[in-house]
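K.L.:
In the working numbering, the protein residues as written are 210 to 529.
We treat Cβ as the ideally placed atom computed from N, Cα and C, and that holds for glycine.
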Amino acid sequence: MAGHNGLVGSAIFRKLRAGGYRSLIFRNHSELDLARQADVENFFFSEKPEYVFLAAAKVGGIWANNSYPAEFIYSNLAVQTHVIHAAWENNVKRLVFLGSSCIYPKECPQPMKEDHLLTGKLEPTNEPYAIAKIAGVKICQSYNRQYNTKYLAVMPTNLYGPNDNFDPETSHVLPALIRKFHEAKVCNRPVGIWGTGNPRREFLHVDDLADAVIFLMNMKENIFNPIVCPPRAPLINIGYGKDISIRELAELIKEIVKFDGPIFFEPGHPDGMLKKLLDSSEMGKLGWKPKITLPAGIKNMYEWCLKQEIFSFPTPSCKS
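(1) Please report the Cβ distance between S276 and M364, rounded to the nearest whole angstrom; I am assuming they are in contact, meaning their Cβ atoms lie under 8 Å.
(2) Could you check which residue in M510, E491, S380 has the C-alpha nearest to that of A421?
(3) When the Cβ atoms of the stretch 215 to 230 are set against those of the stretch 257 to 268, are three or more pairs found closer than 8 Å?
(4) Excluding sequence positions up to five away, which residues of its chain have a Cβ less than 7 Å from the Cβ of P476?
(5) Ignore the nearest five residues each way along the sequence and tell me which others in D488's own chain have a CB closer than 7 Å to its CB.
(6) Where do the ends of the alpha helix (DSSP H) carrying L434 lie?
(7) Which term fits D417, buried or exposed, when burial requires 16 or more other beta carbons within 10 angstroms of its beta carbon?
(8) Going by C-alpha distance, which of L483, Q517, P377 is nearest C317?
(9) At the level of alpha carbons, what is the spacing between N300 and I348?
(10) Measuring CA to CA, which of K342, I472, N367 is closest to I282?
(11) Could you pull the start and end residues of the beta strand (DSSP E) that A362 belongs to?
(12) Leaving out five residues before and five after F522 in sequence, what residues of the same chain have Cβ atoms less than 8 Å from its Cβ?
(13) Output the boundary residues of the alpha helix (DSSP H) element that contains N251.
(14) Have a look at K516 and M510 and give me their C-alpha separation to the nearest angstrom.
(15) Closer than 8 Å is the cut-off here; do at least three beta carbon pairs connect the stretch 396 to 415 with the stretch 445 to 463?
(16) Report the three-state DSSP secondary structure of N509 (helix, strand or coil).
(17) Please determine, among H325, V437, F473, the residue with the shortest C-alpha to C-alpha distance to A393.
(18) Going by Cα to Cα distance, which pick from P479, E378, I436, I462 is closest to T358?
(19) From P471 to A459, what does the alpha carbon distance come to, in whole angstroms?
(20) By the 10 Å Cβ neighbour count, where 16 or more other Cβ atoms means buried, how is Q355 classified, buried or exposed?
(21) Below 8 Å, how does it come out for the stretch 231 to 248 and the stretch 385 to 402: are there three or more Cβ pairs, yes or no?
(22) Can you have a look at L331 and say buried or exposed, based on whether 16 or more other CB atoms are within 10 angstroms of its CB?
(23) At 4 residues or longer, what runs of the alpha helix (DSSP H) sit wholly inside the stretch 273 to 332?
(24) Nearest-angstrom Cα distance between R226 and W497?
(25) Taking the alpha-carbon positions, what's the E457 to A385 distance?
(26) With distances taken from CA atoms, which of I293, L444, G481, P258 is nearest N407?
(27) Could you give the residue range of the beta strand (DSSP E) that holds V400?
(28) If you draw a straight line from the C-alpha of L327 to the C-alpha of Y230, how long is it?
(29) Where does F254 land, buried or exposed, given buried means 16+ other C-beta within 10 angstroms?
(30) Quick one, are the C-beta atoms of V292 and V261 less than 8 Å apart?
(31) Would you mind sorting P440 into buried or exposed? The rule is 16 or more other CB atoms within 10 Å of its CB.
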C-alpha cells in the first residue's frame, strides 16, 4: 500500500481492514521516501508484496497546481516510476495505479471515455500533474506489453471524504468550500468563491472509490486480464455518474453547514475546465456502481470534520 495516510490510500486501507485483510504492508513517509529509487527497491526486495495499490501522489487544487508545477510533475513522476519498476522487479501479481480525470483533454467530449486519452490539449492550470499521471498510464501499459505484467490504471473523478486536505491554499474545491462555509458561519462573514460558479464537476465519495478499487483487484483472471492486455491502455474510469455546478455545490454545502449569510463569486479567478464528467460505463458493465449520494457524503464529511476538530487549530481568523 503506497500512500496509506492520504485521502485515497486511507480509504482503501480502511476497506481492506474491514474486509478481513490482515497481511497489509505500509510505511510512513519518514520510514520510506518513495521519491528515492534505491529505498523503494530495497523495500520491495525485503517485503515482496504480491499486490500493490499505488495511491501515493502530490495533489492539489487550481492554486496549488499553478503555483508549484515543478513539484507536481517531478514528485508524481518519481514516485510512480520507482514503485511500478520495483513491482516488476519483484514479480508483483497485480498493481492498481490511481490516476486522475485531469488526464483527459480540456475540450474533451462529455462524458469522457477512456479512449479520449491523448486526443487533444490539456487544461493549462494542471498540465504538469496531468502529464505525470498520463505517464503513469503509459508506464503500466508499457510494462504490460513488454513483461506481461498485470498493472491497471484507474481514473477516478473528483474525490472527497475523511482525511481530505482542507488547507485553504492547496485543497480541492469541495473541502475548500466546506472550510470556507464553516469559518464564515463562525465569523459571521460572507463567502467568496473563485470563478463564475458555472463549471460543472463530478464528485465521488472516497469510500466508494475504495470499494471499486478492491472490486477490481479481486476480479477473476478471465475478466481482469482483458482490461490490462495490450494493445489497449490498461485504463478504466471510476465516477459518480452525475455532475453538479460549483454554484449548486456551494448552495448544497451552505445548507449542510447551516450557513445563512451571503455568497459571492469572483470571476477574475480561473474556472478551469467548464465540464468534467467521466463515462464510467465500463465499470457498470463489470457490475459495480457507487452507493453514497453526494448530499449524504458531504454531510458525513462535515460531521467527520467537526468530530476531528479539523477547523479548530488554528482558530479561524474573523478579521479577514
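P.N.:
Looking at the atomic coordinates:
(1) With 8 Å as the limit, S276 and M364 do not qualify as a contact, their Cβ atoms being about 24 Å apart.
(2) E491
(3) yes
(4) G404, T405
(5) P320, M321, K322, N446
(6) The amino acid occupying residue 434 in the given sequence is Asn; Leu does not appear at that position. Here the alpha helix (DSSP H) through N434 covers 430 to 437.
(7) buried
(8) L483
(9) 16 Å
(10) K342
(11) 360 to 365
(12) The pLDDT assigned to F522 is 49, lower than 50, so where the model puts this residue is not dependable; a value taken from the coordinates is nonetheless given after this. Contacts found: none.
(13) 246 to 256
(14) 10 Å
(15) yes
(16) helix
(17) F473
(18) I436
(19) 11 Å
(20) exposed
(21) no
(22) buried
(23) 278 to 298
(24) 20 Å
(25) 15 Å
(26) G481
(27) 400 to 403
(28) 37 Å
(29) exposed
(30) yes
(31) exposed
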